[in-house]
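Q: Residue numbers (the numbering used here): 3 to 349. Cβ atoms here follow ideal geometry from the backbone N, Cα and C, with glycine treated the same way. This one's a predicted model, so the numbers in the text were calculated from it and none came from an experiment. Okay, here's the structure, questions in a sec.
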């Protein structure tokens with residue numbers, strides 16, 4: 003029943019078009035853009051990128067609002083009821099996650115914040131529905147699938163890597179991350195173009211392009227072939243973030259915690275540093291992780307990321323993540339810094 007509840011809850015998000023709404027919110031999708039979420043690759047960008055790239059750019063940054071969660075709970079509870087499952091199992095699932103994940107809960111809870119009084123709200127929905135008999139225990143069909151899954155032989159990482167290589171069209175099935183084609187230099191050209199976003203204005207290299215998002219949503223900007231394995235290898239992500247605290251320091255720490263939850267391999271270098279972005283007192287920090295790109299020997303490159311956050315409106319901040327393999331980051335940093343200098347918020 004809890005599995006049915008999770009499926010119903012996610013179907014609720016789909017039915018209510020929450021992903022589409024997030025993708026069109028000015029600035030926010032909060033995922034992202036390359037570092038967090040994604041989390042397709044092993045680095046920051048991979049973590050950011052999955053949500054941003056998959057719905058319009060990592061699954062991390064698709065963070066639903068508490069209102070979204072309430073609506074998904076409501077739809078999910080109705081779907082469970084119609085299917086013969088007790089909707090209260092949905093509340094039990096989230097309660098179990100909270101107990102297993104400690105005070106902050108696991109990553110699923112950071113993407114799906116508690117709307118408050120979830121169990122009571124679902125109980126109120128049930129009271130409005132006609133009484134009925136619910137499925138108890140596991141159905142024979144579920145048990146059959148469960149036994150099949152338990153009986154499957156585990157797949158080794160080497161086998162999985164070979165399968166990924168076949169899926170990606172590598173003749174040798176090596177499964178390694180592809181290199182960027184040598185004829186598509188990702189380095190900034192020195193020229194600039196301007197993005198007029200509904201929430202901000204930003205300059206970016208004129209040989210780069212907007213690969214995800216638009217003037218009213220979170221944005222991922224990258225050079226040609228700057229994406230690898232659905233993660234950003236070179237480029238920048240700009241997104242909105244809705245922290246629980248109004249303090250810029252607390253908001254920065256909250257975002258860093260979410261990034262680390264999304265990607266345990268990510269490491270923060272040093273401490274948050276004050277940064278002034280056109281008169282706004284923000285914060286910045288460097289990070290390191292694993293790039294979606296490999297070196298010539300097939301080993302993953304180290305990735306470096308620069309996270310910059312600035313306050314925007316009460317309860318809303320905007321952050322930028324600049325991404326590149328560590329070997330190229332210093333050469334790209336002047337362009338990243340120019341992008342920050344050009345950043346202008348619309349009030």
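Rounded to whole angstroms, how far is the Cβ of residue 238 from the Cβ of residue 289, which I believe are closer than 8 Å?
A: Rounded, the Cβ-Cβ distance is 14 Å, inconsistent with contact.
Q: Shortest alpha-carbon distance to residue 330 belongs to which of 249, 304, 259, 204?
A: Of 249, 304, 259, 204, the smallest CA-CA separation from residue 330 is found for 304.
Q: Is residue 310 near residue 291, with beta carbons less than 8 Å apart?
A: no
Q: Note down the Cα distance separating residue 259 from residue 196, rounded to an integer number of angstroms.
A: 32 Å
Q: Output the distance between the C-alpha atoms of residue 314 and residue 220, rounded to the nearest integer angstrom.
A: Using only the alpha carbons, I get a separation of about 15 Å.
Q: Are the CB atoms of residue 342 and residue 287 nearer to each other than 8 Å?
A: In this structure, residue 342 sits away from residue 287, with a CB-CB distance that is not shorter than 8 Å.
Q: Residue 200 by DSSP, collapsed to three states: which one?
A: coil
Q: Which two residues bound the contiguous alpha helix (DSSP H) that contains residue 137?
A: Neither: residue 137 is in no alpha helix (DSSP H) and is coded neither H nor E.
Q: Enumerated in chain order, which unbroken segments of the alpha helix (DSSP H) with a length of 4 residues or greater are wholly contained in the region 227-281?
A: Fully enclosed alpha helix (DSSP H) runs of 4 or longer: 250-264.
Q: Measure the Cβ-Cβ separation of residue 225 and residue 188 and say whether it is below 8 Å.
A: Result yes, Cβ atoms of residue 225 and residue 188 sit closer than 8 Å.
Q: Using the three-state DSSP reduction, which class does residue 296 fall into: helix, strand or coil?
A: Three-state result, residue 296: strand.
Q: What are the boundary residues of the beta strand (DSSP E) that residue 324 is part of?
A: 318-327
Q: Roughly how far, in whole angstroms, is the beta-carbon of residue 85 from the beta-carbon of residue 6, given that I think they are within contact range, below 8 Å?
A: 6 Å
Q: Can you tell me whether DSSP reads residue 349 as helix, strand or coil?
A: coil
Q: Are residue 206 and residue 326 touching if we call contact CB-CB under 8 Å?
A: no
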